[in-house]
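This report concerns only the one structure given below.
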Amino acid sequence: MKHDFIEKNIGIMGVLIAIVVSLAGLVEIVPLMYQTSVIKPHPNLKPYTALQLAGRDIYISEGCYNCHSQQIRPFVDETLRYGHYSQANEFVYDRPFQWGSKRTGPDLQRVGGKYSNEWHEYHLMDPRSVVPESNMPGYPWLAEQQVDAQQVEDGMNVLRDYFDHPYSDEQIASAKSDVDGKTKLEALIAYLQVLGTSIPRSYK
Numbered sequence: 677m678k679h680d681f682i683e684k685n686i687g688i689m690g691v692l693i694a695i696v697v698s699l700a701g702l703v704e705i706v707p708l709m710y711q712t713s714v715i716k717p718h719p720n721l722k723p724y725t726a727l728q729l730a731g732r733d734i735y736i737s738e739g740c741y742n743c744h745s746q747q748i749r750p751f752v753d754e755t756l757r758y759g760h761y762s763q764a765n766e767f768v769y770d771r772p773f774q775w776g777s778k779r780t781g782p783d784l785q786r787v788g789g790k791y792s793n794e795w796h797e798y799h800l801m802d803p804r805s806v807v808p809e810s811n812m813p814g815y816p817w818l819a820e821q822q823v824d825a826q827q828v829e830d831g832m833n834v835l836r837d838y839f840d841h842p843y844s845d846e847q848i849a850s851a852k853s854d855v856d857g858k859t860k861l862e863a864l865i866a867y868l869q870v871l872g873t874s875i876p877r878s879y880k
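Each residue of the sequence shown is one higher than the one before, starting from 677 at the first, in the numbering used here.
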């Protein structure tokens, strides 16, 4: 009888649903905020260098996440194809994270060190020159545009001051010179080459 009353009163039903969803969310989310394996970085993980950070910004601005995930699920078919499954402590310095769920192209979480810089250069300039069946567009303009050094330095300051990324004064002071004269293509390749490398390749 009480159940019929709730089903016939949409307002009450909506309030009860909101309460259940809120409680369930708290039960699922709050413990993760205190779990060391989630909030503490992997022992091998280091914050992005100036060039890698610039490359990550380019990865985001060019929309690479629309076709490539960075989230290997803990299933045999996933780990056989891509390598060791993704762990939360690998993404502590990712703001925002690039997990994704859409895979028009392969997952990139373990692409770091898999190919040479030259391969990545050819692939980004003309994907079909190295992967004939690829439907990925080329990004030749990245080779003609230089990294904004001031933006990189500002970004590192924000990450240190507001998100506690462990950048030293020396790292921030040298940020501009580290990316001076570097193209966006070089920066993007530097970012790709570090993806997933905190877990030793022998475990992948």
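Cβ coordinates follow ideal geometry from the N, Cα and C atoms, glycine included.
Return helix, strand or coil for residue i, following the three-state DSSP convention.
i    : result
Q746 : coil
T873 : coil
Q728 : helix
Q822 : strand
T755 : helix
S832 : The residue asked about is misnamed: residue 832 is Met in this sequence, not Ser. Note: M832 maps to helix in three-state DSSP.
K880 : With a pLDDT of only 41 at K880, under 50, the local geometry of the prediction cannot be trusted, and the value read off the model is given with reservation. Reduced to three states, the DSSP call for K880 is coil.
G690 : helix
Checking 8 Å against the spacing of the C-beta atoms, do residue i and residue j come in under that value?
i    : j    : result
D854 : A726 : yes
K716 : N765 : yes
L708 : L800 : no
Y815 : V806 : no
Q763 : H718 : yes
N811 : I865 : no
Assuming residue i contacts residue j under a Cβ cut-off of 8 Å, what Cβ separation, rounded to an integer in Å, is found between them?
i    : j    : result
Q747 : Q785 : 7 Å
M689 : I682 : 5 Å
For residue i, write down the residues that DSSP places opposite it in a beta bridge.
i    : result
T859 : Q822
Are the C-beta atoms of residue i and some chain D residue less than 8 Å apart?
i    : result
K790 : Of the protein chains in this structure there is only one, and it is not chain D.
* Would the stretch 818-827 and the stretch 744-758 be scored as touching if the rule is three or more Cβ pairs under 8 Å? -> Contact check between the stretch 818-827 and the stretch 744-758: fewer than three CB pairs, one atom from each, fall below 8 Å, which does not count as touching.
* Asked: Does the stretch 732-745 touch the stretch 771-791, meaning 3 or more C-beta pairs lie closer than 8 Å?
  -> Because the criterion of three Cβ pairs below 8 Å is met, the stretch 771-791 and the stretch 732-745 touch.
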